[in-house]
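Written below as structure tokens is the structure these notes are about.
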Amino acid sequence: MKNTIKRIAFYTIIGILAVSCSDNNNLIGSSIDYSDIQISTKTFRYSENSDSVYSKLNDVAVNRAIYHMLGKIDIKDFASVNSSYLTNLRYIGKIDTVLVEEDMVDSLVLILKCFVNQTIGDDLMPMRVTAYQNNTLLPKNSTDTIFTDVNPEKYCDLSKKLGEKIFSSSPLGSSNQTSDTVTVRIPLSRNGMTTQGWAKDFYNYYRDNKGYLTNEDMQEYLPGLYITHTYGDGFISRIDSTIINLYHKSYVYNVYGEVAEVEGVKKEVNQVTPILVSSEEVSSVNCMETQWKTKITDMAEQGKPVMTTPLGYNAHIILPVNDIIDTYNKSIEGSGVVGIINSVTLSVPVVKYPDNEYDITPPPYLMMIRADANATGTDNLIEHTTPNIFFFNRMLPDNTNTYYASYNSSTKTYDFGNIQAFISNILKNDPNNGTADKYKGDSHVILVPVGLSYDSSSSSVVSIYPYLESPRFAQIDTKNINVTMIYSVKYK
């Protein structure tokens with residue numbers, strides 16, 4: 004309590020000084036004596052083989068896939084990766100049954116769009132992609148969280164194959180390429196029906212319900228999809244979108260709102276109606292397995308802190324929270340002494356993976372979060388937090404308990420900036436009873452490779468998720484980690 008009063012007093016003094024300065028701009032500082040304010044800097048260092056920095060394998064991730072990964076690849080001296088995906092579907096279809104009749108319906112087609120030039124491996128290699136029907140929905144509640152090590156057969160009936168197609172993700176010679184994606188079209192059928200037969204079955208289901216289908220209706224009709232590869236390897240594609248389209252003909256309305264006719268014949272046009280889509284609003288998960296090569300596992304086991312993706316090693320760091328708080332508390336000992344922690348900056352330098360044919364670079368972003376402890380949330384409520392809790396609840400970095408940093412390829416560092424609020428929050432709220440355990444819960448943090456999504460209009464982060472999109476590697480340069488504290492003390 005004594006230290007808290009000192010901090011409040013110091014903030015008050017600084018505020019008074021600021022007001023005094025603004026009273027008369029011609030006399031700024033003329034009556035203020037700054038000689039009794041001392042500003043100090045202290046840098047905390049780690050040794051090259053510090054046991055306070057290490058890596059730990061995290062071979063599963065929570066179901067927060069933004070992009071779906073499809074394929075299999077083996078990277079020499081790095082890892083082998085195998086990925087397919089399960090997804091629920093969101094209903095988006097609307098058909099005008101006045102304009103579309105049953106015999107005008109042609110087919111249901113699954114559309115997969117792969118990002119151009121974002122394939123890992125040889126994009127000229129052929130792959131057969133196969134779609135199966137799920138027999139139950141993926142859960143959405145936190146009591147039954149799905150992870151990347153899920154067995155697809157728990158949700159999918161492998162006897163219900165809906166369709167398959169051989170493709171390559173290379174844009175070369177593809178007639179299905181846009182500037183951004185290569186499109187894979189897979190005609191769908193089930194229960195012994197042709198693709199047209201299933202399309203008509205869906206049309207009749209829609210018409211019989213008078214077009215008032217809910218998500219629940221469609222989830223009963225088709226709970227979801229399992230998309231996997233059943234032939235070929237050597238590359239993994241990043242899937243941008245998964246959509247089921249209905250292909251059909253349609254009459255058109257004239258300017259009077261009637262079905263248009265030309266010389267007594269109703270005018271027909273070809274049309275495509277999106278029916279179901281995999282989106283962020285529904286549950287999905289990459290069914291992913293990564294087997295790390297000896298070169299990588301040896302580095303981790305020998306104490307070299309590495310970070311790898313997908314589903315690899317996270318870096319664990321014991322921050323010098325005890326030393327920072329002890330330094331601050333000692334600086335304000337004595338009657339009438341008040342102080343403030345101005346800033347605490349964290350910079351983490353890394354060593355890249357050697358040049359290689361797969362262009363394995365450091366992860367684009369890292370998130371700093373307590374390993375397994377309490378955090379002070381909204382309205383100063385104590386909330387237990389782990390990386391998986393963070394991702395499942397779709398939380399965002401709050402710059403108090405969690406921070407993120409982007410990789411700077413020029414300096415080869417992740418700069419988390421000023422994490423002073425992390426320390427101040429511990430001093431103020433002490434969510435993990437630090438006085439008893441020397442801030443153990445607050446000191447142990449994890450650096451997790453993540454991906455970010457931004458709002459295009461405000462450039463603010465709207466989502467953060469485990470990074471599964473490509474192989475990445477970084478080794479922490481332990482002896483050059485920089486934790487710098489700047490603090491001010493005012494004496495009587």
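The opening residue of the sequence shown carries number 4 in the working numbering; numbering runs sequentially from there.
Beta carbons: idealized from backbone N, C-alpha and C, even for Gly.
Fair warning: this is a prediction, and the values are worked out from it, not measured in the lab.
> From T151 to R67, what distance separates their C-alpha atoms?
Replying inline: Within the sequence shown, residue 151 is the residue found at index 148, counting from 1. Within the sequence shown, residue 67 is the residue found at index 64, counting from 1. Straight through space, the alpha carbons of R67 and T151 are spaced by roughly 9 Å.
> Rounded to the nearest angstrom, how far is the Cβ of C290 from that of P155, given a contact under 8 Å?
Replying inline: The residue given as residue 290 occupies position 287 in the sequence shown. The residue given as residue 155 occupies position 152 in the sequence shown. Contact between C290 and P155 holds: their C-beta atoms lie close to 5 Å from each other, under 8 Å.
> Is the beta carbon of F476 sitting closer than 8 Å to the one on I363?
Replying inline: By one-based count along the sequence shown, residue 476 stands at place 473. By one-based count along the sequence shown, residue 363 stands at place 360. It is a contact, given that the beta carbons lie within the stated cut-off.
> Does DSSP classify F81 as helix, strand or coil?
Replying inline: Within the sequence shown, residue 81 is the residue found at index 78, counting from 1. The three-state secondary structure of F81, taken from DSSP, is coil.
> How about Y229 and L89: are their beta carbons less than 8 Å apart?
Replying inline: By one-based count along the sequence shown, residue 229 stands at place 226. By one-based count along the sequence shown, residue 89 stands at place 86. For Y229 and L89, yes; Cβs fall inside 8 Å.
>> For D62 and Q294, I'd like the C-alpha separation in whole angstroms.
In response: Here residue 62 corresponds to residue number 59 of the sequence shown, with the count starting at 1. Here residue 294 corresponds to residue number 291 of the sequence shown, with the count starting at 1. Taken atom to atom, the span from the alpha-carbon of D62 to that of Q294 is near 9 Å.
> Exposed or buried, what is R373 when buried is set at 16 or more other beta-carbons lying within 10 Å of its beta-carbon?
Replying inline: Here residue 373 is taken as the residue at index 370 of the sequence shown, counted from 1. Counting Cβ neighbours within 10 Å, R373 comes out buried, since at least 16 surround it.
> Which full runs of the alpha helix (DSSP H) of 4+ residues lie inside the segment 176 to 260, going along the chain?
Replying inline: Runs of the alpha helix (DSSP H) inside the segment 176 to 260: 198 to 211, 218 to 224.
> Taking the alpha-carbon positions, what's the V351 to T487 distance?
Replying inline: The sequence position of residue 351 within the sequence shown is 348, counting from 1. The sequence position of residue 487 within the sequence shown is 484, counting from 1. Approximately 12 Å, taken between the alpha carbons.
> Does the distance from the C-beta atom of D243 to that of F118 stay below 8 Å?
Replying inline: The residue labelled residue 243 in the question sits at position 240 within the sequence shown. The residue labelled residue 118 in the question sits at position 115 within the sequence shown. Cβ atoms of D243 and F118: closer than 8 Å.
>> Is it buried or exposed, S253, if we count other Cβ atoms within 10 angstroms and call 16 or more buried?
In response: For the purposes of this step, residue 253 is taken as residue 250 along the sequence shown, with counting starting at 1. That one is buried.
> Could you give the residue range of the alpha helix (DSSP H) that holds N428?
Replying inline: Taking the first residue of the sequence shown as position 1, residue 428 is located at position 425. First-last of the alpha helix (DSSP H) with N428: 423 to 432.
>> Please state the DSSP three-state secondary structure of I42.
In response: Mapped onto the sequence shown, residue 42 falls at position 39. If DSSP states are grouped into helix, strand and coil, I42 belongs with the strands.
> Under three-state DSSP, which class holds M107?
Replying inline: Position 104 of the sequence shown, counted from the start, is the residue given in the question as residue 107. Here M107 carries a helix assignment [DSSP, helix/strand/coil].
>> Which complete alpha helix (DSSP H) runs does the segment 415 to 492 hold, if anything under 4 residues is left out?
In response: With a minimum length of 4 residues, the continuous alpha helix (DSSP H) runs that stay inside the segment 415 to 492 are 423 to 432, 437 to 440, 443 to 446.
> Taking contact to mean at least 3 C-beta pairs separated by less than 8 Å, is the segment 354 to 361 in contact with the segment 477 to 486?
Replying inline: Contact holds between the segment 354 to 361 and the segment 477 to 486, because three or more Cβ pairs, one in each stretch, are under 8 Å apart.
> Helix or strand or just coil, what does DSSP make of Y494?
Replying inline: By one-based count along the sequence shown, residue 494 stands at place 491. Reduced to three states, the DSSP call for Y494 is coil.
> Where P226 and I114 are concerned, what is the direct C-alpha to C-alpha distance, given to the nearest angstrom?
Replying inline: Locating residue 226 in the sequence shown gives position 223, counting from the first residue. Locating residue 114 in the sequence shown gives position 111, counting from the first residue. Straight-line spacing of the CA atoms in P226 and I114 works out to 17 Å.
>> In this structure, how does DSSP classify P155 when only helix, strand and coil are distinguished?
In response: Here the question's residue 155 lines up with position 152 in the sequence shown. P155: helix per DSSP, three-state reduction.
>> Could you check whether F394 and V101 sit closer than 8 Å to each other, using their CB atoms as the reference points?
In response: The residue you call residue 101 lines up with position 98 of the sequence shown. The residue you call residue 394 lines up with position 391 of the sequence shown. Result no, Cβ atoms of V101 and F394 do not sit closer than 8 Å.
> Mapping DSSP to helix, strand and coil, what is P390?
Replying inline: Residue numbering aside, residue 390 sits at position 387 when the sequence shown is read from its first letter. The answer is helix: DSSP assigns P390 an H, G or I state.
>> Just verifying my parser: in three-state terms, what is the DSSP assignment at V497?
In response: This structure cannot settle anything about residue 497, because the visible part of the chain is limited to 4 through 495.
> What's the gap between the Cα of T438 and the Cα of G306?
Replying inline: The residue you call residue 438 lines up with position 435 of the sequence shown. The residue you call residue 306 lines up with position 303 of the sequence shown. Going from the Cα of T438 to the Cα of G306 covers about 30 Å.
> Around the Cβ of T414, are there at least 16 other Cβ atoms within 10 angstroms (buried) or fewer (exposed)?
Replying inline: Taking the first residue of the sequence shown as 1, we reach residue 414 at position 411. Only exposed fits T414, as fewer than 16 other CB atoms lie within 10 angstroms of its CB.
>> To the nearest angstrom, how far is the alpha carbon of C24 from that of G339?
In response: Start at 1 with the first residue of the sequence shown, and residue 24 comes out as number 21. Start at 1 with the first residue of the sequence shown, and residue 339 comes out as number 336. Residue confidence for C24 is low, a pLDDT of 42 falling below 50, so the modelled location carries little weight; the figure read from the coordinates is stated next. C24 and G339: Cα-Cα distance of roughly 23 Å.
>> Can you give me the C-alpha to C-alpha distance between T184 and E104, rounded to a whole angstrom?
In response: On the sequence shown, residue 184 is found 181 positions in, with the first residue counted as 1. On the sequence shown, residue 104 is found 101 positions in, with the first residue counted as 1. In a straight line, the C-alpha of T184 is about 33 Å away from that of E104.
> Smallest Cα separation from I98: which of G214, Y331, G337?
Replying inline: Taking the first residue of the sequence shown as 1, we reach residue 98 at position 95. Closest in alpha carbon position to I98, among G214, Y331, G337, is G214.
>> Within the continuous alpha helix (DSSP H) that includes V340, where are the two ends?
In response: Within the sequence shown, numbered from 1, the residue matching residue 340 stands at position 337. In the DSSP annotation of this structure, V340 is not part of any alpha helix (DSSP H), being labelled neither H nor E.
> Helix, strand or coil: how does DSSP classify I372 here?
Replying inline: Along the sequence shown, one-based indexing puts residue 372 at 369. Note: I372 maps to strand in three-state DSSP.
> For L60, which residues of its own chain have a beta-carbon under 6 Å away from its beta-carbon, when the five flanking residues on both sides are left out?
Replying inline: As a working note, residue 60 is residue 57 in the sequence shown. Around L60: Y316.
> DSSP puts S87 in a beta bridge; with which residues?
Replying inline: Stepping through the sequence shown from its first residue, residue 87 is reached at position 84. S87 is bridged to C290.
>> For S412, report the span of its beta strand (DSSP E) as first-last.
In response: Here residue 412 is taken as the residue at index 409 of the sequence shown, counted from 1. S412 -> no beta strand (DSSP E), and no H or E assigned at all.
> What separation, rounded to the nearest whole angstrom, lies between the Cα atoms of Q121 and V448?
Replying inline: By one-based count along the sequence shown, residue 121 stands at place 118. By one-based count along the sequence shown, residue 448 stands at place 445. Whole-angstrom Cα-Cα distance: 32 Å.
> What first and last residue would you give for the beta strand (DSSP E) that runs through M130?
Replying inline: Residue numbering aside, residue 130 sits at position 127 when the sequence shown is read from its first letter. Boundaries of the beta strand (DSSP E) around M130: 130 to 137.
>> Quick check on the DSSP output: the beta strand (DSSP E) that includes T330 runs from which residue to which?
In response: In the sequence shown, the residue the question calls residue 330 occupies position 327. It is not in any beta strand (DSSP E) - T330 instead sits in the alpha helix (DSSP H) that spans 324 to 334.
> Taking DSSP as the reference, what is the three-state secondary structure of K307?
Replying inline: Along the sequence shown, read from residue 1 onward, the residue named residue 307 stands at position 304. Three-state DSSP puts K307 in coil, outside helix and strand.
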